[in-house]
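Novice: Below: one structure in structure tokens.
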């Protein structure tokens, strides 16, 4: 059997984290001369993304955490009346970032282990944004809303390692002598 040295990525753990971030009382002002009518609301789209991840290992307890930074970009439209009106409705572009420290429950390293070679990979991600508590009172030009961001993030703790592997090992490969009948 041959032994070969390889460079590969070892997965130490993967876990799914559910988070919610609420930003209350986001205020906005309509352009000069614009006031809200009955039925005014907010419509639009939102993009949620993971911007960065950073692993940490507690040197005393060996617990592993990940600092994850999220970004939310919203392209909203304040609909001034009950029906859309492109001449009066106005855009609300809104972006913000927030960070969460996520603790891995299924992974603990021996005390004294450092995070030098560890990486955090985002394996799967979903994010949703809900605009709630919309206040756009009739004949007013200022409004507010609450932003609720929900995320599901599957993270992997990985490490690039060198290892030796045996080529042609059991059970899938077998080497034997060839039999030649007389």
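Numbering (my numbering), first residue to last: 178 to 359.
Idealized CB from N, CA, C, for every residue including glycine.
Just so you know, these numbers come straight off a predicted model, no measurement behind them.
1. What whole-angstrom Cβ distance do residue 247 and residue 332 have, given they're in contact under 8 Å?
2. What does DSSP give as the partner residues of residue 283 in its beta bridges?
3. From the beta carbon of residue 315, is the nearest beta carbon of chain C less than 7 Å away?
4. Name the residue from 308, 338, 340 and 341 whose alpha carbon lies nearest to the alpha carbon of residue 202.
5. Taking the DSSP output, what are the residues bridged to residue 323?
6. Using 7 Å as the threshold, is the C-beta distance between residue 257 and residue 266 below it?
7. Quick one: grab the DSSP three-state call for residue 123.
8. Label residue 324 either buried or exposed according to how many other C-beta atoms from any shown protein chain fall within 10 Å of its C-beta, with 16 as the threshold for buried.
9. Have a look at 355, 290 and 301 and flag the residue whose alpha-carbon is nearest the alpha-carbon of residue 239.
10. Do residue 189 and residue 334 have their CB atoms nearer than 7 Å?
11. At 4 residues or longer, what runs of the alpha helix (DSSP H) sit wholly inside the region 219-291?
12. Residue 211: which of 336, 318 and 327 sits nearest, CA to CA?
13. For residue 329, which of 342, 302, 337 and 354 has the nearest alpha-carbon?
14. With H, G and I counted as helix, E and B as strand and the rest as coil, what does DSSP make of residue 337?
15. Between residue 292 and residue 227, which are expected to be in contact by the criterion C-beta below 8 Å, what is the C-beta distance as a whole number of angstroms?
16. Pop quiz: residue 209 and residue 313 are said to be a contact at Cβ under 8 Å. What is the actual Cβ separation, rounded to whole angstroms?
17. For residue 181, collect the residues of the same chain with a Cβ closer than 6 Å to its Cβ; drop the 5 residues on either side in sequence, then sort them by chain order.
Specialist: In this structure, then:
1. Rounded, the Cβ-Cβ distance is 13 Å, inconsistent with contact.
2. Beta-bridge pairing links residue 283 to no other residue.
3. Going by chain labels, chain C is absent from the structure shown, which holds only one protein chain.
4. 308
5. 309
6. yes
7. With the chain represented from 178 up to 359, any question about residue 123 goes unanswered, as that position is not in the structure.
8. buried
9. 290
10. yes
11. none
12. 318
13. 302
14. strand
15. Not quite, the Cβ-Cβ distance comes to about 18 Å (not below 8 Å), so this is no contact.
16. Their Cβ separation, rounded to whole angstroms, is 17 Å, which puts residue 209 and residue 313 out of contact at 8 Å.
17. 342 and 344
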